[in-house]
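Asks: Residue numbers (this note's numbering): 854 to 1109.
This is the structure I want to talk about, given as structure tokens.
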Amino acid sequence: MSAEARQESIVDEVLVNGRVSVTALAERHSVTVETIRRDLTALDRRGALRKVHGGAVATSAVAAPETAVIEREQSHAQAKRAMARVAVGALDLGAGDRLILDAGTSVAALVPLLPPGTPLTIITSSVLTASALAPQEHLSVRILGGQVRGLTQAAVGPEALATLATLRVDTAVIGANGLSARHGLSTPDPEEAATKRAMVAAADRVVVLLDSSKVGQEHLVSFAPLDAIDVLVTDRPLPTSLHTAITTTGAEVLTT
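Here's what the structure looks like:
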């Protein structure tokens, strides 16, 4: 294997796993530890990863702080709209379908694209989504109870979890702040993670919308492993090993 191919493989691995060790890489690629250290130094200088003691971590592994909903709506807005268009096609909604929509801004981009006139039951934790959909008479819109987080405008807490535990829906459409092979889908807030986990458990099918800036990020709380995903919609191709890790579970990965 050439140095270029080896370094590409190293970057792929660190994006999927978040962290790699020098000794493990040396064994895997049948080269010396010194060779791997030189590879990591070169990749660090290019900004492809961050070299640390004993190995390297993904440049995105240190998760960005949680931001307010208005900031997140503006971030990667074009990618979110493109993902929403793909997701609507994947949902293949029909009359009487029951949906959970979480409070993520990628999921919110889906709201204007729901098929007009199709009777649907929609359960959401988002105050903003409920407000946008409630005037549409063909929709039965239910908002989860509980405390509303000001940062995300999402209902969380025991009331929301108790309601979700009684529900069964066709599809849950979920966003996440991070995705990696070892940490699955993650988010910074434990209460929002609990709500998302309960949404996943209540659904026959889980559709995840996640833009490429979240790939490789690991936030505080994991709310679902990779094998909980049925369809992942993103805006750029995933690293090969992460794509394989997801699709070997039977999930479908759709790219805009």
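Yeah, the Cβ is synthetic: ideal placement off N, Cα and C, and Gly gets one too.
Here the structure is a predicted model, which is why all the values come from computation and not from measurement.
For residue 1013 versus residue 999, is the C-beta spacing smaller than 9 Å?
Replies: Closer than 9 Å, so yes.
Asks: Could you tell me if residue 894 is buried or exposed, where buried requires 16 or more neighbouring beta carbons within 10 angstroms of its beta carbon?
Replies: If you draw a 10 Å sphere on the C-beta of residue 894, you find fewer than 16 other C-beta atoms in it, and that means exposed.
Asks: Which residue wins for smallest C-alpha separation from residue 1058, given the options 1040, 1026, 1078?
Replies: 1026
Asks: So within the region 922-970, which uninterrupted beta strand (DSSP E) runs reach at least 3 residues, ignoring any that extend past its ends?
Replies: 951-954
Asks: Which two residues bound the contiguous beta strand (DSSP E) that contains residue 1029?
Replies: That residue, residue 1029, is in no beta strand (DSSP E); it is neither H nor E in DSSP.
Asks: CA-CA distance, residue 954 and residue 870?
Replies: 28 Å
Asks: Can you give the beta carbon distance from residue 903 to residue 910, rounded, assuming they're within the 8 Å contact cut?
Replies: 5 Å
Asks: Give the C-beta separation of residue 1075 and residue 1038 to the nearest angstrom, bearing in mind that I take them to be a contact with Cβ-Cβ under 8 Å.
Replies: 7 Å
Asks: Would you decide whether residue 1092 is buried or exposed? Buried here means 16 or more other CB atoms lie within 10 Å of its CB.
Replies: buried
Asks: Along the alpha helix (DSSP H) that carries residue 865, what are the first and last residues, could you check?
Replies: For residue 865, the enclosing alpha helix (DSSP H) begins and ends at 856-870.
Asks: When you compare each of 985, 1062, 864 to residue 965 by their alpha carbons, which one comes out closest?
Replies: 985
Asks: Per DSSP, residue 1063 forms a beta bridge with which residues?
Replies: For residue 1063, which the question treats as bridged, DSSP gives no partner whatsoever.
Asks: Quick check on residue 1050: does DSSP put it in helix, strand or coil?
Replies: For residue 1050, the three-state secondary structure derived from DSSP is helix.
Asks: Taking DSSP as the reference, what is the three-state secondary structure of residue 1082?
Replies: coil
Asks: Would you list the one or two residues that DSSP bridges to residue 1008?
Replies: 1001
Asks: Since residue 896 is in the alpha helix (DSSP H), which residue starts that stretch and which ends it?
Replies: 886-899
Asks: Expressed to the nearest angstrom, what Euclidean distance is found between the alpha-carbon atoms of residue 1069 and residue 1062?
Replies: 15 Å
Asks: Look at the alpha carbon of residue 939 and the alpha carbon of residue 885, and state the distance between them as a whole number of angstroms.
Replies: Answer to the nearest angstrom: the Cα atoms are 45 Å apart.
Asks: On the DSSP bridge list, what partners appear for residue 973?
Replies: 992
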